[in-house]
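Engineer: Please find one structure pasted underneath; my questions will follow.
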Amino acid sequence: MLETRPELTARLNDDLVGWLTTVTESGQPQSSVVWFLRDDDDLLVYSKPDATKLHNISANQKVAFNLRTDAVGDSMTTFEGTATVVGSPTPPHRVPAYLAKYQGQIERLGWTPEQFSDEYAALIRIAINRVRSW
Numbered sequence: 014m015l016e017t018r019p020e021l022t023a024r025l026n027d028d029l030v031g032w033l034t035t036v037t038e039s040g041q042p043q044s045s046v047v048w049f050l051r052d053d054d055d056l057l058v059y060s061k062p063d064a065t066k067l068h069n070i071s072a073n074q075k076v077a078f079n080l081r082t083d084a085v086g087d088s089m090t091t092f093e094g095t096a097t098v099v100g101s102p103t104p105p106h107r108v109p110a111y112l113a114k115y116q117g118q119i120e121r122l123g124w125t126p127e128q129f130s131d132e133y134a135a136l137i138r139i140a141i142n143r144v145r146s147w
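Just add 13 to wherever you are in the sequence shown, counting from 1, and you've got the numbering used here.
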């Protein structure tokens, strides 16, 4: 369901952060800046296992994911989808595309890829249901 417009595909492949919005049990939307990887028509987000967003997803799988806008606010994309927490995921340092995208960031933060994988051991898979761009 992900759009195939070249500029959107490039942003999904190249942007380093996006904003994942989950909903608390009380109905409050909660946004978190996350690293992500496009996996065909899904998005993958690694997380700390005790993160609130995982608890939120267990109560309500509906999420939104937003990319940054351009410098003047003329280009915005929102993805709506269903999130699931993957049991026994492949660690991020063993996902070549993830490591290629984020190894520089991991090292910049002072971690080895294995240390990052230990810290961010939970995986969220987002199945995109709707894309809104303007």
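All residues carry an ideal CB built from backbone N, CA and C; glycine is no exception.
If distances are taken between C-alpha atoms only, which option among R121, I141 and Y111 comes closest to D27?
Structural biologist: The shortest C-alpha separation from D27 is found at Y111.
Engineer: I need the straight-line Cα distance from Q41 to K66, nearest angstrom please.
Structural biologist: Taking the straight line joining both Cα atoms gives about 12 Å.
Engineer: Contact between the stretch 120-131 and the stretch 77-84: three or more CB pairs below 8 Å?
Structural biologist: Because the criterion of three Cβ pairs below 8 Å is not met, the stretch 120-131 and the stretch 77-84 do not touch.
Engineer: What span of residues does the beta strand (DSSP E) with S44 cover, start to end?
Structural biologist: Where S44 is concerned, the enclosing beta strand (DSSP E) stretches over P42 to V47.
Engineer: Can you give me the C-alpha to C-alpha distance between L25 and R51, rounded to a whole angstrom?
Structural biologist: Taking the straight line joining both Cα atoms gives about 6 Å.
Engineer: Identify whether Y59 lies in helix, strand or coil by the three-state DSSP scheme.
Structural biologist: If DSSP states are grouped into helix, strand and coil, Y59 belongs with the strands.
Engineer: Using three-state DSSP, classify E38 as helix, strand or coil.
Structural biologist: If DSSP states are grouped into helix, strand and coil, E38 belongs with coil.
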